[in-house]
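K.L.:
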Amino acid sequence: MADIEHAETDLMPRGDAIAEVEFDAEWYLGAYPDVAEAIRAGWFKSALDHYLSHGHTEGRRATPTSTTDLSEFDAVWYAKSYPLAAEESSPTDAALLEQHYNRIGRHRGYKPNPRALRPKNAAAMPSPYGGLWIDQANALDLIRGKYELGNITTDEARDLESLVLDGYVVLKNAVPSVILDRATEVLEAAYDGRYPQVCFECGSIAPGHLAWQAKMSEVPAKALDLHWHFDEIRDLGFAPAVARFLHLLFERPASVSQSLGFYRGSAQPIHQDSAYVAYSIPQQFCAAWFALEDVKPDAGELMYFVESHRKLPEFSHAERFKSMTDAQLVGVSWDLLKDEDAKHLKAIQSEAQRLMLKRETFMAKRGDVLIWHAELAHGGRPISTSATRKSVVFHYSPSEIVPLYTETRSVQLKRHCLGCYYTSGVYCSPE
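Residues 0 to 430 (numbering that gives the first Met the number 0) are what the sequence shown spells out, left to right.
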């Protein structure tokens, strides 16, 4: 373990309930080899970083002799001090009260016991890269408040809670058939080569943006930014139910900055979009997958790790940047970034296994829409040569949050309808 920093000793410099606990970094790395491996993979800066962000909540010890610390839960005191918590869980059931503290109470600034130190901002976002209001630690309380004030419906509250807790939400039968029909016609025509203005990505043919080739309907390929050329695709991406949800999520107008049209599956390894889809505030965006047909088994289905958006450790490129694009813009070596990316993809799998995250496969019906968090780990299963998986993916952000391609290319922001905008980094001019 000589290649891993373990200089932390003494007291931890943190103003919360574990601030006065001693920490033995060298012992910690020896006791928990998975942490050492996670540091080598770039998930954490040090043993102390892991303990502060995850280890103490997982019940890991800070030293060989440590047992309980200032985070010990006092159920009787908690119920007496916070009547609302007792009302929302149980005034006498210690397990339910502790569950309430871990899920809700601590994000309100409630303490687990009278000696614990209160965090400086209990509702703060966990990521230094920001996020949307749903990423605040007290997001569940914010959703309940919106519901009690009559600003959202019961179903909308449920959908928002799903995005907060699981990292995704499924809007079933969210797109009218007439919109689906028109969008499908455009997608099929693009893959038939009837739109020479459309660019594709197809790694099995060549890197970069490509003109159409017949083989593209047989292998993993992406028709790029169809929304820029076709009103039918914009109507799909801003179908009324989807636009409503985006406006609840962003609390302001929404913009499509990228779309990917699929005839078959993507066959992409499980990844996190925030590494590749870059915005001026790195985590103020979401993605959505639209099913243009019923998904058949073994046809390149979309898959994802539930809760991975909030349980996987934070990953930074070159120790500073959320996206590879942002790192490139200031001159970080592409070779370094590719090496880090390979380690990141491998670490997603190992960390998901260690955390026992559930992997789900999305067997969509035509018209279903899956909306997911910027940090949700997801990918595509191997494609079938006999079954298609016609679909379109969109990446959205609040309209004033810009994709980083605007810093190197001349682009336009256009309006589609009220509160809905679109742009493209594919069909534009370099500056």
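All C-beta atoms in this analysis are idealised placements derived from N, C-alpha and C, irrespective of residue type, glycine included.
#1: In three-state DSSP terms, what is residue 29?
#2: Quick one: residues in its chain with C-beta nearer than 6 Å to the C-beta of residue 106, no 5 flanking neighbours on either side, listed in chain order?
#3: Does residue 93 come out as helix, strand or coil in the three-state DSSP assignment?
#4: State the beta-bridge partners of residue 379 as determined by DSSP.
#5: Figure out for me which residue from 176, 219, 213 has the closest Cα to the Cα of residue 190.
#6: Just the Cα atoms here: how many angstroms apart are residue 181 and residue 151?
#7: In terms of residues, what are the limits of the alpha helix (DSSP H) holding residue 186?
#8: Note the first and the last residue of the continuous beta strand (DSSP E) segment covering residue 414.
#9: On the criterion of 16 or more Cβ atoms from any shown chain inside 10 Å, does residue 147 qualify as buried, or is it exposed?
#10: For the segment 319–353, list the alpha helix (DSSP H) runs that are entirely contained and at least 4 residues long, ordered along the chain.
#11: Assuming residue 394 and residue 256 are in contact, meaning their beta carbons sit under 8 Å apart, how far apart are those beta carbons, in whole angstroms?
#12: Between 173, 333, 96, which lies nearest to residue 290 when the distance is taken from Cα to Cα?
#13: Just to confirm, are residue 232 and residue 258 a CB contact at a threshold of 8 Å?
#14: If distances are taken between C-alpha atoms only, which option among 77, 160, 45, 104 comes closest to residue 306?
#15: Quick one, are the C-beta atoms of residue 220 and residue 194 less than 8 Å apart?
#16: Suppose the cutoff is 6 Å on Cβ atoms and the five residues either side in sequence are ignored; what does the same chain contact list for residue 457 look like?
#17: Do residue 401 and residue 322 come within 8 Å of each other at the CB atom, strictly closer than that value?
#18: What residues in its chain sit with their C-beta under 8 Å from that of residue 345, if we drop five residues either side in the sequence?
#19: Exposed or buried, what is residue 336 when buried is set at 16 or more other beta-carbons lying within 10 Å of its beta-carbon?
#20: Give me the residue from 38, 240, 80, 170 with the minimum Cα distance to residue 419.
#21: Applying the criterion that 16 or more other CB atoms from any shown protein chain within 10 Å of the CB defines a buried residue, is residue 411 buried or exposed?
#22: Let's see if you can read the secondary structure: which residues bound the alpha helix (DSSP H) around residue 458?
#23: When you compare only the Cα positions, how much space is there between residue 162 and residue 168?
#24: Report the rounded CA-to-CA distance for residue 79 versus residue 319, giving the unit in angstroms.
#25: Report the option in 230, 343, 372, 206 whose CA atom is closest to the CA atom of residue 413.
#26: In the DSSP assignment, what are the bridge partners of residue 371?
#27: Should residue 268 and residue 378 be called a contact, given that it needs their Cβ atoms to be closer than 8 Å?
#28: Mind checking residue 275: buried by the 16 CB within 10 Å criterion, or exposed?
#29: Roughly how many angstroms separate the alpha carbons of residue 424 and residue 59, rounded to a whole number?
#30: Identify the continuous alpha helix (DSSP H) that holds residue 145 and give its terminal residues.
#31: Verify whether the separation of the beta carbon atoms of residue 347 and residue 311 is less than 8 Å.
#32: Decide if the segment 383–391 is in contact with the segment 294–301; the criterion is three or more beta carbon pairs, one per stretch, under 8 Å apart.
#33: Give the DSSP-derived three-state secondary structure of residue 60 in the structure shown.
#34: Once you ignore the five residues that flank residue 204 on each side, which residues in its own chain have a CB closer than 7 Å to its CB?
#35: Helix, strand or coil, according to DSSP, for residue 250 in the structure here?
#36: Distance check for residue 375 and residue 433, CA to CA, integer angstroms please.
P.N.:
Based on what the coordinates show:
#1: For the purposes of this step, residue 29 is taken as the residue at position 30 of the sequence shown. In the structure shown, residue 29 sits in a helix (DSSP, three-state: H, G or I).
#2: By 1-based counting over the sequence shown, the position of residue 106 is 107. Once the five neighbours on either side are set aside, the close Cβ partners of residue 106 are 121, 122, 136, 137.
#3: One-based indexing of the sequence shown puts residue 93 at position 94. Residue state, collapsed to three classes: helix.
#4: Taking the first residue of the sequence shown as 1, we reach residue 379 at position 380. BP columns for residue 379 point to 301.
#5: Within the sequence shown, the letter at position 191 stands for residue 190. Closest by alpha carbon: 213.
#6: For the purposes of this step, residue 181 is taken as the residue at position 182 of the sequence shown. For the purposes of this step, residue 151 is taken as the residue at position 152 of the sequence shown. Approximately 31 Å between the Cα atoms of the pair.
#7: Start at 1 with the first residue of the sequence shown, and residue 186 comes out as number 187. 176–190 is the extent of the alpha helix (DSSP H) around residue 186.
#8: Here residue 414 is taken as the residue at index 415 of the sequence shown, counted from 1. Here the beta strand (DSSP E) through residue 414 covers 413–416.
#9: As a working mapping, residue 147 is identified with position 148 in the sequence shown. By the neighbour-count rule (16 or more Cβ atoms within 10 Å), residue 147 is not buried but exposed.
#10: 323–328, 333–353
#11: As a position in the sequence shown, residue 394 is number 395, starting the count at 1. As a position in the sequence shown, residue 256 is number 257, starting the count at 1. Residue 394 to residue 256, Cβ: 6 Å. Contact.
#12: As a first step, residue 290 must be located in the sequence shown, where it is residue number 291. Nearest C-alpha to residue 290: 173.
#13: Numbered from 1 along the sequence shown, position 233 holds the residue referred to as residue 232. Numbered from 1 along the sequence shown, position 259 holds the residue referred to as residue 258. Cβ atoms of residue 232 and residue 258: closer than 8 Å.
#14: Working through the sequence shown from its first residue, we reach residue 306 at position 307. Per the Cα distances, 160.
#15: The residue you call residue 220 lines up with position 221 of the sequence shown. The residue you call residue 194 lines up with position 195 of the sequence shown. No.
#16: Residue 457 falls outside the range modelled here, since the chain spans only 0 to 430, and no answer is possible.
#17: For this step, residue 322 is matched to residue 323 along the sequence shown. For this step, residue 401 is matched to residue 402 along the sequence shown. Against a cut-off of 8 Å, the Cβ pair of residue 401 and residue 322 comes out as no contact.
#18: Locating residue 345 in the sequence shown gives position 346, counting from the first residue. Cβ neighbours of residue 345 beyond the five flanking positions: 40.
#19: On the sequence shown, position 337 is the one that residue 336 refers to. Classification of residue 336: buried, given that the 10 Å Cβ count is 16 or more.
#20: Taking the first residue of the sequence shown as position 1, residue 419 is located at position 420. It is 240 whose Cα lies nearest to the Cα of residue 419.
#21: Residue numbering aside, residue 411 sits at position 412 when the sequence shown is read from its first letter. It counts as exposed.
#22: Nothing about residue 458 can be reported from this structure: the residues present for the chain run from 0 to 430 only.
#23: Here the question's residue 162 lines up with position 163 in the sequence shown. Here the question's residue 168 lines up with position 169 in the sequence shown. Approximately 5 Å between the Cα atoms of the pair.
#24: Residue mapping note: residue 79 aligns to position 80 of the sequence shown, counting from 1. Residue mapping note: residue 319 aligns to position 320 of the sequence shown, counting from 1. Cα to Cα, the separation comes out at about 44 Å.
#25: Working through the sequence shown from its first residue, we reach residue 413 at position 414. Measuring from the Cα of residue 413, the nearest candidate turns out to be 230.
#26: For the purposes of this step, residue 371 is taken as the residue at position 372 of the sequence shown. Note: residue 371 sits in a beta bridge opposite 167, 286.
#27: For the purposes of this step, residue 268 is identified with residue 269 of the sequence shown, where counting begins at 1. For the purposes of this step, residue 378 is identified with residue 379 of the sequence shown, where counting begins at 1. Taking 8 Å as the Cβ cut-off, residue 268 and residue 378 qualify as a contacting pair.
#28: Taking the sequence shown and counting its residues from 1, one reaches residue 275 at position 276. So residue 275 ends up on the exposed side.
#29: One-based indexing of the sequence shown puts residue 424 at position 425. One-based indexing of the sequence shown puts residue 59 at position 60. Rounded to the nearest angstrom, the two C-alpha atoms are 46 Å apart.
#30: If you number the sequence shown from 1, residue 145 lands on position 146. Its alpha helix (DSSP H) spans residues 138–147.
#31: Position 348 of the sequence shown holds residue 347. Position 312 of the sequence shown holds residue 311. Closer than 8 Å, so yes.
#32: yes
#33: In the sequence shown, residue 60 corresponds to position 61, counting from 1. Correct three-state label for residue 60: coil.
#34: In the sequence shown, residue 204 corresponds to position 205, counting from 1. 212, 214.
#35: Counting from one through the sequence shown, the residue named residue 250 turns up at place 251. In this structure, residue 250 counts as coil in the three-state DSSP scheme.
#36: The structure shown does not extend to residue 433, since the chain spans only 0 to 430, so no value can be given for it.
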